[in-house]
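Working notes, beginning with the structure itself.
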Amino acid sequence: ADVRRYLIGDTAAKLIVLSRGNPLAVFASNRIACAARAAGGPVASVPFDEERFRRFLANYERNFARIHDEIAGAGRDHLATTYERLRGAEGAAEDARILDFLGAAPHPLASATRKRNSDDILGRFDGPAGVRAFLERIGRPDWATDRAGEDGAGPVPRP
């Protein structure tokens, strides 16, 4: 929080907010990373804990809302983008938008980050049918795929 407040307060800093439009993918990646660390090696899937996910989602949304509120409260310009926009079909256009925001000349960018988990979000969990039913109940069946959020519409109701 201190670093965030410092950067928001530094008017020379360019602010970019990167989120992920599919919080289930974030949750799954986190749970797999924790399980792999505990197992001492790769883990393909993990149990789905509905209550844990609900708490994660509330915290995820609250944190991004707080960030956007702090930026707006400081009257700061910023660029908001998503992981899905960066790795989607329009990734080059999003890269150009970021470079323009930073005041940098156009240049092709390549990510040093590699994808670690399957595009099959449901397959990241034991009992994927139960996860699908949960997503249907909460009205977010689109979160079953890693392509969810490419339009930039995620759980965080801010641009």
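Just so you know, we're using the working numbering here: the sequence shown kicks off at 161 and counts up by one.
Glycine included, C-beta positions come from ideal geometry on N, C-alpha and C.
Values in this document were obtained by computation on a predicted structure and should not be read as measured data.
Here DSSP, grouped into helix, strand and coil, assigns I258 to helix. Here the C-alpha atom of G290 lies approximately 18 Å from the C-alpha atom of S189. Judged by DSSP in its simplified three-state form, F285 adopts strand. DSSP places L269 outside any beta strand (DSSP E), giving it a letter other than H or E. One thing to note: H238 has its Cβ within 8 Å of the Cβ of I176.
Less than 8 Å separates the beta-carbon of I168 from that of E230. Collapsing the DSSP output to three states places V206 in a strand.
Boundaries cannot be given for S278, as no alpha helix (DSSP H) includes it and DSSP labels it neither H nor E. Between the stretch 181-188 and the stretch 213-227 there are three or more C-beta pairs closer than 8 Å, enough to call the two in contact. Rounded to the nearest whole angstrom, the CA to CA distance from A198 to A264 is 42 Å. The Cβ atoms of L282 and P288 sit closer than 8 Å to each other. Of all alpha-carbon atoms in F208, D209, A193, the one lying nearest the alpha-carbon of P202 is that of A193. When secondary structure is reduced to three states using DSSP, A240 falls in the strand class. As DSSP reads the structure, V177 sits in a beta bridge with A240.
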